[in-house]
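Below is one structure, written out as structure tokens, with a few remarks after it.
Residue numbers (the numbering used here), protein chains in the order written: chain F, 1 to 375; chain W, 1 to 308.
And the structure:
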């Protein structure tokens with residue numbers, strides 16, 4: 001990788017106009033993650049192409065199909081957006097704790113239990129309250145349960161010193177077992193024979209589509225959650241304190257910041273978002289809680305968050321991109337005879353290369369105004 | 001009645017047999033992770049390595065008819081995954097935990113991709129030793145029918161315990177794990193030692209996978225692993241990076257995993273899924289009980305990012 005700062009244009013420009021310099025510095029700092037991210041994606045795609053060539057298929061056909069299946073028509077764009085909706089929320093579940101220096105990978109647990117909580121809380125009220133009120137109940141129950149689940153991992157981290165990566169993952173396995181227990185036992189609808197489920201929501205109690213689109217309201221909830229998270233981190237003092245604690249825990253403690261409250265608070269909010277993803281799956285897609293809740297959104301969310309470098313606003317385009325890639329899986333399977341795991345291989349390759357490219361940050365003079373020649 | 005039914009005695013017997021059967025993959029993965037972590041690095045991607053090893057072993061056994069060749073092939077792929085992890089992690093600013101998660105997703109994806117065509121055919125199984133032939137009770141015979149890999153794992157645990165203390169390689173590994181700077185001062189290249197340790201760890205984890213697909217449960221499908229590769233990371237912490245501790249902890253986990261099926265076999269079907277969660281709950285309780293917010297874990301390698 002020798003993309004060294006051999007572009008003389010920028011340094012000349014920086015020297016010539018003093019008034020331009022702040023703008024250029026701002027641009028250079030912003031350009032670094034975008035440029036490194038794009039180069040990483042290109043390297044990842046190149047490696048993946050080699051793999052596809054090695055098994056005797058055409059990577060060009062594959063990428064064309066991927067584009068067609070993900071973004072080629074209004075129909076496929078809507079499909080991609082629908083798939084992006086839960087990813088927005090599960091990615092936040094990884095990104096928010098990451099700003100505090102925590103690696104939480106158990107969003108899947110909050111998703112499935114959030115879904116169960118939403119379905120269970122809806123049962124007594126269907127037909128009694130209007131749908132909008134019911135959605136509030138469901139969303140509240142799902143967010144609280146998800147928040148407790150991931151918040152517990154944060155609590156254990158700060159007050160017991162338990163590694164949050166492992167505990168959140170164990171909690172995810174426990175959550176899936178609990179979900180199976182509820183869905184096949186206490187909450188099972190006797191009418192669901194082959195696939196044990198909770199009692200399905202009536203059609204007029206389902207979270208509908210955004211007007212004019214074939215995409216459910218979950219997308220709006222996800223985008224709003226990302227914007228709120230950005231405000232929380234970048235603008236509020238709570239978020240500022242969290243960023244300090246994420247940079248250096250000891251410094252934050254010496255400053256008297258409530259590190260424990262920050263960690264539990266951030267992990268609980270993160271889990272609340274993942275719980276909402278479960279509620280959306282129940283209210284907008286499945287109609288009931290069942291084993292399909294554990295569809296891997298929690299795990300793809302990890303990739304989305306790392307790709308977006310834990311920036312809530314960057315999560316929006318990245319989630320749509322990955323939603324598109326997964327939406328194209330079916331088409332690739334049908335047209336090229338490749339297994340559905342093709343998408344997983346691509347995701348894994350991209351993930352590794354993107355993390356590897358973290359090593360390039362700060363290495364290029366062009367992105368670092370402090371190293372520019374002063375005239 | 002006496003000939004075939006042994007009543008409630010079946011439960012402890014089934015748990016004992018299950019502990020041995022279920023623990024074997026845990027033994028290999030946790031010993032592998034111990035080697036890696038003792039060198040000061042954590043590989044969270046062993047779950048992917050394990051599943052890829054399971055697929056490779058099964059595929060090679062189907063094609064060659066030899067389960068032993070399957071295990072060897074799995075070891076080779078495991079070492080490859082470990083080498084990739086070790087090589088990437090030597091670069092500055094690269095987070096070994098995050099790379100582990102990525103390697104896990106990559107390994108799972110690649111295993112499902114390449115293993116798609118091997119879900120149908122039947123592979124020859126790994127041999128086991130019938131230690132229970134003295135007994136007339138079929139359950140006892142079945143319980144004492146123990147796979148060779150279990151004994152190899154037990155011997156390996158003993159050997160590693162000895163080797164960490166008494167060999168030159170073991171000493172180098174521990175120095176690198178405790179202090180990168182001290183290792184450099186001694187003229188050791190920490191990156192190279194960690195790369196080799198991660199490769200060795202990967203190849204052991206792949207044996208665990210080979211056991212899953214070639215012996216118990218003895219088939220290849222996408223749900224072959226129930227998170228053994230990840231739980232092994234917690235198990236190593238519980239065992240305090242001690243190979244003998246890993247072996248005993250693996251037995252404990254195996255027993256917990258066998259609880260649900262054992263109770264089901266005597267007719268207890270209530271709460272089946274909760275018993276299924278027993279190993280995870282046990283792991284979590286052990287982690288909570290043994291961790292502390294104020295001090296580093298006893299026996300933890302000094303350079304390990306996990307416990308900092």
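Even glycine gets a Cβ: it sits at the ideal position worked out from N, Cα and C.
Presumed contact (8 Å Cβ cut-off) between residue i and residue j, rounded CB distance
| i | j | result |
| --- | --- | --- |
| residue 303 of chain W | residue 177 of chain W | 6 Å |
| residue 282 of chain W | residue 253 of chain W | 7 Å |
| residue 118 of chain F | residue 296 of chain F | So it is not a contact: roughly 19 Å between Cβ atoms. |
| residue 316 of chain F | residue 88 of chain F | 7 Å |
| residue 278 of chain W | residue 259 of chain W | 5 Å |
| residue 22 of chain F | residue 309 of chain F | That belief does not hold up - the Cβ atoms of residue 22 of chain F and residue 309 of chain F are roughly 23 Å apart, past 8 Å. |
| residue 105 of chain F | residue 168 of chain F | 6 Å |
| residue 243 of chain F | residue 83 of chain F | With a Cβ gap of about 31 Å, residue 243 of chain F and residue 83 of chain F do not count as contacting. |
| residue 202 of chain W | residue 79 of chain W | 6 Å |
| residue 265 of chain W | residue 96 of chain W | That belief does not hold up - the Cβ atoms of residue 265 of chain W and residue 96 of chain W are roughly 42 Å apart, past 8 Å. |
| residue 102 of chain W | residue 206 of chain W | Going by Cβ atoms, the distance from residue 102 of chain W to residue 206 of chain W rounds to 18 Å, so no, they are not a contact pair. |
| residue 349 of chain F | residue 106 of chain W | 6 Å |
C-beta contact flag for residue i and residue j at 7 Å
| i | j | result |
| --- | --- | --- |
| residue 108 of chain W | residue 48 of chain W | yes |
| residue 34 of chain W | residue 220 of chain W | no |
| residue 100 of chain W | residue 214 of chain W | no |
| residue 95 of chain F | residue 225 of chain F | no |
| residue 245 of chain W | residue 29 of chain W | no |
| residue 246 of chain F | residue 147 of chain F | no |
| residue 343 of chain F | residue 326 of chain F | yes |
| residue 141 of chain W | residue 153 of chain W | no |
| residue 378 of chain F | residue 266 of chain F | With chain F represented from 1 up to 375, any question about residue 378 of chain F goes unanswered, as that position is not in the structure. |
| residue 74 of chain F | residue 109 of chain F | no |
| residue 145 of chain F | residue 114 of chain F | yes |
| residue 229 of chain F | residue 288 of chain F | no |
| residue 194 of chain W | residue 41 of chain W | yes |
| residue 69 of chain F | residue 76 of chain F | yes |
| residue 310 of chain W | residue 38 of chain W | The structure shown does not extend to residue 310 of chain W, since chain W is modelled only from 1 through 308, so no value can be given for it. |
| residue 91 of chain F | residue 319 of chain F | yes |
| residue 23 of chain W | residue 251 of chain W | yes |
| residue 81 of chain F | residue 223 of chain F | no |
| residue 174 of chain F | residue 280 of chain W | yes |
| residue 190 of chain W | residue 126 of chain W | no |
| residue 357 of chain F | residue 36 of chain F | yes |
| residue 298 of chain F | residue 141 of chain F | no |
In DSSP terms, what residue i is bridged to
| i | result |
| --- | --- |
| residue 145 of chain W | W/130 |
| residue 158 of chain F | Paired residues: none, contrary to the question. |
| residue 264 of chain W | None; residue 264 of chain W has no bridge partner. |
| residue 290 of chain F | F/197 |
| residue 216 of chain F | F/209 |
I'd like to know if the region 83-101 of chain W and the region 185-205 of chain W are in contact, where contact means that at least 3 CB-CB pairs between them fall below 8 Å. yes
In chain order, what residues of the region 320-332 of chain F put their CB closer than 9 Å to some CB of chain W? none
Spell out a yes or no on whether the region 188-197 of chain F and the region 51-60 of chain F are touching, meaning 3 or more CB-CB pairs, one atom from each, closer than 8 Å. no
Mind checking the region 212-244 of chain W against chain F and listing, in chain order, the residues whose C-beta falls within less than 9 Å of any C-beta there? 222, 226, 227, 230, 231, 233, 234 and 237
Please list, in chain order, the residues of the region 114-139 of chain W that have any C-beta partner in chain F closer than 8 Å. 116
Report yes or no: do the region 255-267 of chain W and the region 11-18 of chain W share at least 3 C-beta pairs separated by less than 8 Å? yes
Taking any Cβ of chain W, which residues in the region 335-352 of chain F have a Cβ under 7 Å from it, in chain order? 339, 341, 342, 344, 345, 347, 348, 349, 351 and 352
Give the residues from the region 144-174 of chain F that approach chain W closer than 8 Å (Cβ to any Cβ), ordered along the chain. 156, 158, 159, 160, 161, 162, 163, 165, 166, 167, 169, 170, 171, 173 and 174
Are the region 103-117 of chain W and the region 50-60 of chain W touching by the rule of at least three beta carbon pairs closer than 8 Å? yes
Does the contact criterion of 3 or more C-beta pairs under 8 Å hold for the region 146-164 of chain W versus the region 222-239 of chain W? no
Using a beta-carbon distance cut-off of less than 7 Å, what residues from the region 97-108 of chain W approach chain F? 97, 98, 99, 101, 102, 103, 105, 106 and 108
If contact means a Cβ-Cβ distance below 8 Å, which residues of the region 96-108 of chain F contact chain W? 103 and 105
Mind listing which residues of the region 262-291 of chain W have their C-beta closer than 7 Å to chain F's C-betas, in chain order? 271, 273, 274, 276, 277, 280, 281, 283, 284, 287, 288 and 291
Which residues, in order along the region 268-302 of chain F, keep a beta-carbon less than 8 Å from a beta-carbon of chain W? 299 and 302
Note down, in chain order, all residues in the region 351-374 of chain F with a beta-carbon under 7 Å from any beta-carbon belonging to chain W. 351, 352, 355, 356, 358, 359 and 361
Give, in chain order, every residue of the region 55-76 of chain F whose Cβ lies closer than 8 Å to some Cβ of chain W. none
Using a beta-carbon distance cut-off of less than 8 Å, what residues from the region 150-164 of chain W approach chain F? none
Listed from N- to C-terminal order along the chain, which residues in the region 64-92 of chain W have their beta-carbon within a distance smaller than 7 Å of any beta-carbon of chain F? 88, 91 and 92
Residues from the region 217-239 of chain F in contact with chain W, defined by Cβ distance under 8 Å: none
Against chain F: residues of the region 8-28 of chain W by CB proximity under 9 Å: none
Mind listing which residues of the region 177-191 of chain W have their C-beta closer than 8 Å to chain F's C-betas, in chain order? none
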